[in-house]
Each structure stands twice: as structure tokens, then as C-alpha cells.
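In order, the protein sequences belong to chains V and C. First residue of the first sequence: 0, per numbering that gives the first Met the number 0; consecutive thereafter. First residue of the second sequence: 0, per numbering that gives the first Met the number 0; consecutive thereafter.
There are 2 protein chains.
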Amino acid sequence: MSRVPSPPSPASATPMSPRRATISDVAREAGTGKTSISRYLNGEFNVLSAELRARIEAAIERLDYRPNQMARGLKRGRNRLIGMLLADLSNPYSVEVLQGVEAACQALGYMPLICHAANEVEMEGRYLQLLTTYRVEGVIVNALGVREAMLKPVGSGGIPSVLVDRTVEGLDADMVGLDNEAAVRLGTAHLLARGYEEIVFVVQPYEHVSSRRRRVTAFQDAMRTTPQVRADTVVLDLQNDDAASAALAALDERIGKGADDDPNDPHEAHEAPPRIALFAGNAPVAMRIALHLNARYGAQWQRRVGLLAFDDPEWAELAGITTIRQPTRAIGYRAVEFLHQRIEGLADVARDCVLPGELIVRASTGG
Amino acid sequence: MSRVPSPPSPASATPMSPRRATISDVAREAGTGKTSISRYLNGEFNVLSAELRARIEAAIERLDYRPNQMARGLKRGRNRLIGMLLADLSNPYSVEVLQGVEAACQALGYMPLICHAANEVEMEGRYLQLLTTYRVEGVIVNALGVREAMLKPVGSGGIPSVLVDRTVEGLDADMVGLDNEAAVRLGTAHLLARGYEEIVFVVQPYEHVSSRRRRVTAFQDAMRTTPQVRADTVVLDLQNDDAASAALAALDERIGKGADDDPNDPHEAHEAPPRIALFAGNAPVAMRIALHLNARYGAQWQRRVGLLAFDDPEWAELAGITTIRQPTRAIGYRAVEFLHQRIEGLADVARDCVLPGELIVRASTGG
DNA sequence: CTGTTAGCGCTTTCAT
DNA sequence: ATGAAAGCGCTAACAG
Numbered sequence: 000m001s002r003v004p005s006p007p008s009p010a011s012a013t014p015m016s017p018r019r020a021t022i023s024d025v026a027r028e029a030g031t032g033k034t035s036i037s038r039y040l041n042g043e044f045n046v047l048s049a050e051l052r053a054r055i056e057a058a059i060e061r062l063d064y065r066p067n068q069m070a071r072g073l074k075r076g077r078n079r080l081i082g083m084l085l086a087d088l089s090n091p092y093s094v095e096v097l098q099g100v101e102a103a104c105q106a107l108g109y110m111p112l113i114c115h116a117a118n119e120v121e122m123e124g125r126y127l128q129l130l131t132t133y134r135v136e137g138v139i140v141n142a143l144g145v146r147e148a149m150l151k152p153v154g155s156g157g158i159p160s161v162l163v164d165r166t167v168e169g170l171d172a173d174m175v176g177l178d179n180e181a182a183v184r185l186g187t188a189h190l191l192a193r194g195y196e197e198i199v200f201v202v203q204p205y206e207h208v209s210s211r212r213r214r215v216t217a218f219q220d221a222m223r224t225t226p227q228v229r230a231d232t233v234v235l236d237l238q239n240d241d242a243a244s245a246a247l248a249a250l251d252e253r254i255g256k257g258a259d260d261d262p263n264d265p266h267e268a269h270e271a272p273p274r275i276a277l278f279a280g281n282a283p284v285a286m287r288i289a290l291h292l293n294a295r296y297g298a299q300w301q302r303r304v305g306l307l308a309f310d311d312p313e314w315a316e317l318a319g320i321t322t323i324r325q326p327t328r329a330i331g332y333r334a335v336e337f338l339h340q341r342i343e344g345l346a347d348v349a350r351d352c353v354l355p356g357e358l359i360v361r362a363s364t365g366g
Numbered sequence: 000m001s002r003v004p005s006p007p008s009p010a011s012a013t014p015m016s017p018r019r020a021t022i023s024d025v026a027r028e029a030g031t032g033k034t035s036i037s038r039y040l041n042g043e044f045n046v047l048s049a050e051l052r053a054r055i056e057a058a059i060e061r062l063d064y065r066p067n068q069m070a071r072g073l074k075r076g077r078n079r080l081i082g083m084l085l086a087d088l089s090n091p092y093s094v095e096v097l098q099g100v101e102a103a104c105q106a107l108g109y110m111p112l113i114c115h116a117a118n119e120v121e122m123e124g125r126y127l128q129l130l131t132t133y134r135v136e137g138v139i140v141n142a143l144g145v146r147e148a149m150l151k152p153v154g155s156g157g158i159p160s161v162l163v164d165r166t167v168e169g170l171d172a173d174m175v176g177l178d179n180e181a182a183v184r185l186g187t188a189h190l191l192a193r194g195y196e197e198i199v200f201v202v203q204p205y206e207h208v209s210s211r212r213r214r215v216t217a218f219q220d221a222m223r224t225t226p227q228v229r230a231d232t233v234v235l236d237l238q239n240d241d242a243a244s245a246a247l248a249a250l251d252e253r254i255g256k257g258a259d260d261d262p263n264d265p266h267e268a269h270e271a272p273p274r275i276a277l278f279a280g281n282a283p284v285a286m287r288i289a290l291h292l293n294a295r296y297g298a299q300w301q302r303r304v305g306l307l308a309f310d311d312p313e314w315a316e317l318a319g320i321t322t323i324r325q326p327t328r329a330i331g332y333r334a335v336e337f338l339h340q341r342i343e344g345l346a347d348v349a350r351d352c353v354l355p356g357e358l359i360v361r362a363s364t365g366g
């Protein structure tokens, strides 16, 4: 099943509107050769008599001429297109990174070809292929699980690429993302300071996602220094409803312990602060947890469990959830800058750019 | 100030990786002519001896050849690219519509060129221009305030286009969106049934956005039938913080009336249901309102005001807000189908496709 | 069945 | 200062 637009399949020819003016039309209209028009288009005014220049200007105006980028790209060998592969646009993180990318593209004169894998590994591969087919000059990849190393192991042939948030196994390319270790430390320190006696890190399946792996590891490392506080990691697979429910149920179990009033009686609310805190590995996880807790314990759930989450979506403020905000726009911007340098020929070793996160304290951790 | 990637500015030539194989390379490698390769690429197997076909296959494989879409497009006159102009990707509505668009593109063999205006009218114009420069075959527009009618007034020259959610003044093109009138009726009927004595419709500046205008009008119309319930419309300009604060303050005024306990004392909560309900014109408005109410009255704000909102973002479930969900993906899908027909030459009069919304009742309206 | 020959719209020597 | 001609990579007649 081909789900990504494959190379123009045997398509029937199609009627075109009154056909756009071409450079030849303009040349004729201006009574000159195509060369001069081209020169005009490329701003080589120093080699154009004011008179000719004016005629060209007029002709272009009259014909509402727009140079065809495809043709230019074909001739020049560069088309100023870069691919932006996003794992999941429904995650605000992605949208924000995208904004940074767009800003940088504008500044550097690129046009981002945005591809949304919508969490489907298969899509991802197809899009990557498609991008090379459109001869993008480079790709920014927020990978899902890219297998094929159709990407450029910095230096070797292949298409220049920079990774965002996560590495791609076996691919030695530039990478920009959050300083996960520091961010985790920021989070655990906060939780510890709040006096929780048990902290469980909740994360989506992390084997194949480097950022998640690092967060998990960093969490475990950080907690090793305070053995008196119980630390654990729970996997919450958002793509698998049954598994997710089970994980959530397990979480309930832990929460239930040490809190022995009837969870169905909202009036019997805790007065003592919660003993356990959940540390969500990203916003989607936090959302799922909050939804679940809210359904199970009612709006007062924060009296029973602490919650800290990576990412800082708009709703976190509304729900009063403490978060670790990522410098998303900066990440996107930086990624394009890196890519630009690569496109321009930079051949240094792969670089790693980690930006710091920021802790936003709210009610969910006993604010 | 040029903020959108302008046509490849006088850019310096750049080093290209080991250069990708071209059709000529493949022809040579396979010991045949380019024509046969082209035929192979286009699936005209019936005119290729099995032997030659195999040789070509091998050559392509060996050279890791990928046909250049730009070149194909140039020759063919169609490049299977369509533009998707989005007013604001940070609005979940847009992302969801986009998902529908992507799905349809995959099905129909198009590649969407996504342009994000990020709420800046200027950007919008530039992107539109850029899109024509890349010779997209059509555009799907979720407009912000397109001025230039560079779009195709169905039938006339110009680029085929279909509008999403909102019309573009003076442009007679296909349009697909929500059945706003029915949706508003759904909402007001619900609010009325809940017994609110006053309902105020809160909406972003609506002069230039058809969907908002229609919602406002429909609301006023609907409320005319029940003169005993006070109805009003308040504009909340999210782009202007001062104006927004003022509007919110005005809202507080109304809410305050008839509820005379200390808003700072959470224990003195109302027992009687709220007399007034807010009807948010879209999700961003609802978010702003919720944030404000939450800050002012605390988590218990729903005991003082009812809230109903257009759009159904994920956080609405968490916050327990009653919403009117739009068939977003269907809208996106449909838009592409319409556009496809236009591209294929359909020249009928402009069509209007309005899809029904769905009321999702939650706690915020006295659930 | 297969290859030759023109271009698509644009840029770029190379002359003039 | 200006233009003619040769392609960029590919497709599409038109011959064999």
C-alpha cells in the first residue's frame, strides 16, 4: 500500500490554465533576449542599461511574470528546498520546533518541505525517499525510527542532515536538542526538595528513542544518590491502549498505597501532602496521566499525586502542572543553521548542540 | 524586510555531494537509451522486453537512482505539488485539518507544500507568492486575510484553490468547513436547556473572518427567540494583550453580578448553579478564558460560570469543558478532493461543503 | 520493442 | 552592455 505520494504515477495529462508567462515571453514582450531577463531576475543591474532595465520591469509587470523555481533549480543544481521530517505534529513540541525552523528558513532563504510522519515509521521512510526525489538540499529529522541510512553520515555522500531531539542509530550527524541530563537533574532536585518519598518516571517505550533513553538513564542516575527515596520507571505505551491501561492501573496501585481513604469519596480528601510523584517523560504522557488521574480521583487528584512533566504545552498552565520547558524554537532555529553550514560545504565532525531546559513550578508539585 | 524565502537570492554556487545519478547515467549503465529508462520509470512495461527491463532494474539499483521530480515536473507541466496555507498551526484545529489533507494527498498522489503564516497577514501573502513560484498545481487556503486575489475566482485564470473554514472576500472559490449555523444552534440549545439566564458569546475580532462572523450572527439569531435570556457578544483580541485584558475584566463584571460572595474565599463556593454561561468562538479563546477564570476564581471557577467552546482540543477533556467538535479531518480530506477535481479541469460553479459539528457535553455546562 | 530528437524554463559561458 | 547557444534531467513525439 503506497500511502505517500509516490513519484507522479502514470498520470493523465491535464488542462493548464492560460499558462503562465515564461522568460521567453518576457524577452519577446520587452524586445530583448532571455539572457537580459535572467540578468535582471538575478539582480545583475550593473550590466543592464537603465533603459533596458525599465523595459524589462514593465514587461514583467504586464505579464505578471513569476520565474519558475523548478526550472531555476534544475539549471543551478540547488533549489533552496530543505526537508523537515516531523514525527508527530499533534505534539506541541513539534509545532514549536517548526516555528523555529520556519524563522530560520526565512532568514537564510530556504523553503521547508514539511513532512509529517504522524507516528508511522513506514511513512517516515517514504517521506525521506520522497524528499530525496525532490532533491532537497538537506533534511532536518525528528526521527521516529529511520532505518535506512539514506541520510548522510556526516562527510560521506548522501544528503546533509541534522537531527532534532533524537539521534538515529548508526548515523553520525549533527544533532540539536535538550540537555536531557541537566533537565532531569533539575526535575528530580525539585521533586526531592518537595519531599516526595517515591518518584516514578513515566515514559513511552524508549529503546528506540535516544532522548527518552537518556532521560530514563539520567533519572536513575540522579536517584541513586538518594536511596531513601524510592525510584522507579514505568513504560506507558500510548500507541497501545491495553498496555497503557495496564500501566496506568499499576500506577494507581502505587498511588493507592499509603492513601487508604475511599478514592470514590471526594470529600475525604487528603490533608497531608502526597507521598508520591510522577515524572512524565513528555507532554503526551503527561496528558494521558492527567486524564487518567482526573477520571479516577476527580479534579482533586493533585492532592494524591505529584506530577512533573517534560515539555510545557499551553494546557499545563491551565491544569497547574509543573514542567520542564524546552527551548523549542531555539532548537529549530539552530537546526537550520547547522544544516545551512553543511549545505554550504562544512565537513567537520558531527556536532552536538544541547540547550538547557527551564523548570516551571506550578501547583502539581505542591506549589 | 523579506521574511519569507524569496526566490533564490543571488546565492553563491555550492559544492554538491558526489552528484546523484541521472537518467543518462542509468541509460549508459544499462547500455540503452534514456527513452527506455523513462518508459521503465513510468511503468510502460508492456513496451519493454523482459530482458531490457531486467537490465534497467539492475542499473537503477546499482546506481541508487532516483528520478528528479523537478525535472519531470518541468517537462510534464505538472509537479503534483499543492500548497497548503495555514493561518495558525498552534491551533489544534489546523493540525487536525492538516492530517486530513495529508491523508487525501497520499491517496491522490499529491505532495502538500505546507506554509504556516503564524498569524501574520504579511507572511500569508508572501507564501502565496512563493507557492506560485514553485508552480503548485493548486492551493488550499485557511486564510488570515488574503488581499491579493492571486487566487483563482473559479473559472477565471489563476491558480485553482479551495478555501477552508473561511471565505476570502471577493473570491468565488470552493469552500469547505463547519456548518456554523447548525453548530451554534446546537450550542445555544444546550445552554438554554441548562437554564442559563445570560449567555455571552466570546469571539476574536470577526470582521475579516467569515466563520467567526457567521457564528456571531447565528448566535444572535438563535437568541432572538428567547428574549428572556440575556445574550451578548464580546470581542476578545488575543493578539492584543491590553484589549484582551480589558475584555476579560468586562466579563468578570458580568460574572460578579448576582454572585456576591468573596471570590478569594474558595470555601464559600456557590451551591446554586451559575446563572451565566460563556460561549467561546474557538479553542484559543476558550483557553484564554479558562486561564483567566482559573487565575481569578481558582480551580472552582466552573461553579461560577458555564463554558461552552467551539473546537475540541485534547485539553478540553481534561478541563471538563463542553465543546462543539468539528469534523476537522474530514474537512481537510474534502478540501483536497475538491482541489483535485479543479486541477483535473472541473469548471462548475464554486461549491460549498458544510460539515456538521458534534456537541460534546462535559462538566463546564453543569454536566 | 527501441532509440533519436526536440524541447520544458531557466542560467551560463562565450562571443560581439 | 547584450545576445546566441548549450545544456540541467526528464518526457514525448517520431522514426525505425
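Here a beta-carbon is modelled for each residue, glycine too, at the ideal position from N, C-alpha and C. Being a predicted model, the structure only gives us computed values, none of them experimental.
Worksheet item: Which partner residues does residue 115 of chain V have in the DSSP bridge list?
Response: V:85
Worksheet item: Residues bridged to residue 160 of chain C by DSSP?
Response: C:138
Worksheet item: To which residues of the same chain is residue 293 of chain V closer than 7 Å at the C-beta, ignoring the five residues directly before and after it?
Response: 300
Discussion item. In this structure, how does DSSP classify residue 229 of chain C when only helix, strand and coil are distinguished?
Written reply: strand
Discussion item. When you compare the CB of residue 326 of chain V with every CB in chain C, is at least one pair closer than 8 Å?
Written reply: no
Worksheet item: Under a three-way DSSP split, which group does residue 198 of chain V fall into?
Response: strand
Worksheet entry | Proximity test, Cβ basis, 8 Å: residue 272 of chain V and chain C | no
Discussion item. Which same chain residues end up closer than 7 Å to residue 130 of chain V when comparing Cβ atoms and leaving out the 5 residues on each side of it in sequence?
Written reply: 82, 112, 114, 138
Worksheet item: How would you write the range of the alpha helix (DSSP H) that residue 288 of chain V sits in, first residue to last?
Response: 282-296
Practice prompt. Write down the C-beta distance between residue 190 of chain V and residue 309 of chain V rounded to the nearest angstrom, noting that I regard them as a contact closer than 8 Å.
Written response: Contact flag wrong, Cβ pair sits at about 13 Å.
Worksheet item: Does any CB atom of chain V fall closer than 8 Å to the CB of residue 313 of chain C?
Response: yes
Discussion item. Starting from residue 51 of chain V, trace the beta strand (DSSP E) in both directions and tell me its first and last residue.
Written reply: Residue 51 of chain V -> not in any beta strand (DSSP E); alpha helix (DSSP H) instead, spanning 49-62.
Item to complete: Please compile the residues from chain V whose C-beta is within a distance smaller than 7 Å of the C-beta of residue 373 of chain C.
Response: A query on residue 373 of chain C cannot be resolved here, the shown segment of chain C reaching from 0 to 366 and no further.
Worksheet entry | Which residues DSSP lists as bridging residue 375 of chain C, in chain order | Because residue 375 of chain C is not part of the residues shown, which for chain C are 0 to 366, the question remains open.
Item to complete: Output the distance between the C-alpha atoms of residue 262 of chain V and residue 318 of chain V, rounded to the nearest integer angstrom.
Response: With a pLDDT of 48 at residue 262 of chain V, under the threshold of 50, the predicted position of this residue should be treated as unreliable, though the coordinate-derived value follows. Going by the C-alpha atoms only, they are around 20 Å apart.
Item to complete: Could you work out which residue in V:23, V:116, V:176 is closest to residue 102 of chain C when comparing CA atoms only?
Response: V:116
Worksheet entry | Three-state class that DSSP yields for residue 346 of chain C in the structure shown | coil
Worksheet item: So what's residue 235 of chain C in DSSP terms, helix, strand or just coil?
Response: coil
Practice prompt. Determine the chain V residues that contact residue 340 of chain C at a beta-carbon separation under 8 Å, and present them in chain order.
Written response: Within 8 Å Cβ-Cβ: nothing; residue 340 of chain C doesn't reach chain V, min ~11 Å.
Discussion item. For a cutoff of 8 Å on Cβ pairs, would you count residue 203 of chain V as touching chain C?
Written reply: no
Worksheet item: Do residue 213 of chain C and residue 202 of chain C have their C-beta atoms within less than 8 Å of each other?
Response: no
Worksheet item: Since residue 278 of chain C sits in a beta bridge, which residues does DSSP pair it with?
Response: C:200, C:307
Worksheet item: Which same chain residues, not among the five before or five after residue 28 of chain V, have their C-beta less than 7 Å away from its C-beta?
Response: 58, 61, 62
Fill in: Contact under 8 Å by Cβ, residue 159 of chain V with residue 330 of chain V
no
Worksheet item: What does residue 88 of chain C reach in chain V if we use C-beta pairs closer than 9 Å?
Response: 88, 94, 97, 98
Worksheet item: Taking a cut of 7 Å between CB atoms, which residues from the region 112-131 of chain C lie near chain V?
Response: 112, 113, 115, 117, 129, 131
Worksheet item: Is DSSP giving residue 100 of chain V helix, strand or coil here?
Response: helix
Discussion item. For a cutoff of 8 Å on Cβ pairs, would you count residue 22 of chain C as touching chain V?
Written reply: no
Worksheet item: How is the alpha helix (DSSP H) around residue 72 of chain V delimited, first residue to last?
Response: 68-75
Discussion item. Please state the DSSP three-state secondary structure of residue 240 of chain C.
Written reply: helix
Discussion item. Please state the DSSP three-state secondary structure of residue 175 of chain C.
Written reply: strand
Practice prompt. Flag this pair as yes or no: are the beta carbons of residue 145 of chain C and residue 167 of chain C separated by less than 8 Å?
Written response: yes
Discussion item. Quick check on residue 105 of chain V: buried or exposed, where buried means 16 or more other Cβ atoms within 10 Å of its Cβ?
Written reply: buried
Discussion item. Buried or exposed for residue 245 of chain C, going by 16 or more other Cβ atoms inside 10 Å?
Written reply: exposed
Worksheet item: Which first and last residues belong to the alpha helix (DSSP H) in which residue 218 of chain C is found?
Response: 209-223
Discussion item. Quick check on the burial criterion: 16 or more other C-beta atoms within 10 angstroms. Buried or exposed for residue 256 of chain C?
Written reply: exposed
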